[in-house]
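A.B. asks: I have a structure I would like to understand better, so I am pasting it below and will then ask my questions one at a time.
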Amino acid sequence: MGGTLRTVFLMGTLTALLLVMGFIAGYLTGIPTTYTLGIFLLLAIVMNLAIYWYADRWVLRMYHAKIVTESEQPKLHQIVGRLASNAHLPKPKVAIIPNEIPNAFATGRSPSHSVVAVTQGALKLLNDEELEGVLGHELAHIKNRDMLINTMAAIIGAVITYVMYFSIFASGRRDRDSGGLLAILGLLLIPFCAMLVRLSISRGREYGADEGGAKISRKPLALANALRKLQSVAERAPMRQGNPSTAHMFIVNPFRGVRLSGLFSTHPPTDKRIERLEKLAREAKI
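Okay, so the sequence shown: first residue is 245 according to the working numbering, each after it adds one.
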């Protein structure tokens, strides 16, 4: 599925979700569904436009990420600048996430409007070569134009979780029979829509970013070592900040074991990713 088609697919998913919410709102309030559906359709149009232009800011705000200048993080900017040059990309902005769980992601709507974000934990845990490997992976996502899809899917995933809670809350406001039916509808809708979001984000995207990142950094083994470290921490101490719907944005899933994280998991097994990188290094394809 091409990038444009995936974008349209995700926008359609969000529109469908909001129309379901409009139907539920009409059902609960007694207002004719013609009106509530019209209102929620307008909301869907506004939200789709807002997500396209501002979703990256929302995700950065969700994690309290701060854009840092070259004077604040000279070494980090130097690494990002060198890797961007290797990848023939404009240098993205650099952000620090105030979280001790080591991880990283890229966001933005295009290579010229992109940000790479790294947690404080990653800066402490990884050596310079491993950090280059991780940042190379994120720049590969930018080069492949994965960021807009990833960010849109994250926001839509957050909407999905809100719809679920809204359905459960709404079920308690009706009589037992209709309320139970509403709760069942919500609980059936959520995994279905989550599946649609997951379908729009291929697992091959991570393998592609690993290989592309290794070529950009020229350090496949350093990236493999970084993945091993990041996965080890994620298994012992999952991230509590943010929303599990953003799990696919990170280089490794930081929400292992956190409620709802399985619905939005799109990462291939980390050990398989490491094996592929080690094979790439042995075959000296870069």
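The beta carbon of each residue, even a glycine, is placed where N, CA and C say it ideally should be.
Here the structure is a predicted model, which is why all the values come from computation and not from measurement.
Hey, would you say E330 sits closer than 9 Å to G377, going by beta carbons?
C.D. replies: The sequence position of residue 330 within the sequence shown is 86, counting from 1. The sequence position of residue 377 within the sequence shown is 133, counting from 1. In the sequence on display, residue 330 carries Asn and not Glu. Result no, Cβ atoms of N330 and G377 do not sit closer than 9 Å.
A.B. asks: Tell me S476's beta-bridge partners as DSSP assigns them.
C.D. replies: Taking the sequence shown and counting its residues from 1, the one referred to as residue 476 is at position 232. Paired residue(s): none; S476 is not in a bridge.
A.B. asks: Report the option in A528, Q475 and E455 whose CA atom is closest to the CA atom of L370.
C.D. replies: Here residue 370 refers to the residue found at position 126 of the sequence shown. The candidate whose alpha carbon is nearest that of L370 is Q475.
A.B. asks: Compare the C-alpha of N343 against each of L327, S356 and A366 and name the closest.
C.D. replies: Locating residue 343 in the sequence shown gives position 99, counting from the first residue. Of L327, S356 and A366, the residue nearest in Cα terms is A366.
A.B. asks: Verify whether the separation of the beta carbon atoms of S461 and I400 is less than 9 Å.
C.D. replies: Residue 461 sits at position 217 when you count from the first residue of the sequence shown. Residue 400 sits at position 156 when you count from the first residue of the sequence shown. Against a cut-off of 9 Å, the Cβ pair of I400 and S461 comes out as no contact.
A.B. asks: Count Cβ pairs between the stretch 378-397 and the stretch 479-487 that sit closer than 8 Å; are there 3 or more?
C.D. replies: no
A.B. asks: Between which two residues does the alpha helix (DSSP H) carrying F284 extend?
C.D. replies: As a working mapping, residue 284 is identified with position 40 in the sequence shown. T277 to M306 is the span of the alpha helix (DSSP H), which, as asked, contains F284.
A.B. asks: Could you tell me whether the stretch 307-324 touches the stretch 447-459, where touching means 3 or more Cβ pairs closer than 8 Å?
C.D. replies: Contact annotation: the stretch 307-324 does not touch the stretch 447-459, with fewer than three C-beta pairs closer than 8 Å.
A.B. asks: DSSP state of G274, grouped into three classes?
C.D. replies: Locating residue 274 in the sequence shown gives position 30, counting from the first residue. Coil at G274, not helix or strand.
A.B. asks: Please state the DSSP three-state secondary structure of R484.
C.D. replies: Sequence index remark: in the sequence shown, residue 484 carries index 240 (1-based). It is coil, neither helix nor strand.
A.B. asks: Comparing C-alpha positions only, which one of R520, M483, H321 and T363 sits nearest to G457?
C.D. replies: For this step, residue 457 is matched to residue 213 along the sequence shown. Looking at the Cα atoms, R520 is the closest of the given residues.
A.B. asks: Cα separation between V252 and I393?
C.D. replies: Sequence index remark: in the sequence shown, residue 252 carries index 8 (1-based). Sequence index remark: in the sequence shown, residue 393 carries index 149 (1-based). Roughly 10 Å separates the two Cα atoms.
A.B. asks: Would you tell me roughly how many angstroms separate the C-alpha atoms of A328 and Y271, rounded to the nearest one?
C.D. replies: Position 84 of the sequence shown holds residue 328. Position 27 of the sequence shown holds residue 271. Each residue's Cα considered, the two are about 52 Å apart.
A.B. asks: Need the endpoints of the alpha helix (DSSP H) that R520 sits in, please.
C.D. replies: Taking the first residue of the sequence shown as 1, we reach residue 520 at position 276. Per DSSP, R520 belongs to the alpha helix (DSSP H) from T514 to R526.
A.B. asks: Determine the direct distance from the alpha carbon of A350 to that of A398, and round the result to whole angstroms.
C.D. replies: Numbered from 1 along the sequence shown, position 154 holds the residue referred to as residue 398. Numbered from 1 along the sequence shown, position 106 holds the residue referred to as residue 350. If you take the alpha carbons of A398 and A350, they lie about 12 Å apart.
A.B. asks: Please look up how many angstroms separate the CB atoms of R447 and P498, rounded, as I've assumed it's under 8 Å.
C.D. replies: Within the sequence shown, numbered from 1, the residue matching residue 447 stands at position 203. Within the sequence shown, numbered from 1, the residue matching residue 498 stands at position 254. That pair is no contact at about 17 Å.
A.B. asks: Grab the span of the alpha helix (DSSP H) containing V378 for me, first residue to last.
C.D. replies: As a position in the sequence shown, residue 378 is number 134, starting the count at 1. D372 to K387 is the span of the alpha helix (DSSP H), which, as asked, contains V378.
A.B. asks: Name the two residues that bound the continuous alpha helix (DSSP H) containing A323.
C.D. replies: Within the sequence shown, residue 323 is the residue found at index 79, counting from 1. A small fix is needed here, since residue 323 is Ile in this sequence, not Ala. Here the alpha helix (DSSP H) through I323 covers P318 to N330.
A.B. asks: Look at the alpha carbon of E527 and the alpha carbon of A269, and state the distance between them as a whole number of angstroms.
C.D. replies: Sequence index remark: in the sequence shown, residue 527 carries index 283 (1-based). Sequence index remark: in the sequence shown, residue 269 carries index 25 (1-based). Cα to Cα, E527 sits roughly 58 Å from A269.
A.B. asks: For the candidate residues Y307, L304, A466 and A402, whose alpha-carbon lies nearest to that of M291?
C.D. replies: In the sequence shown, counting from the first residue as 1, residue 291 sits at position 47. Closest option to M291, Cα to Cα, is A402.
A.B. asks: Please determine, among M391, L467 and I495, the residue with the shortest C-alpha to C-alpha distance to A296.
C.D. replies: Counted from its first residue, the sequence shown places residue 296 at position 52. Correcting the residue type first, residue 296 is Tyr in the shown sequence and not Ala. Here the closest residue by C-alpha is M391.
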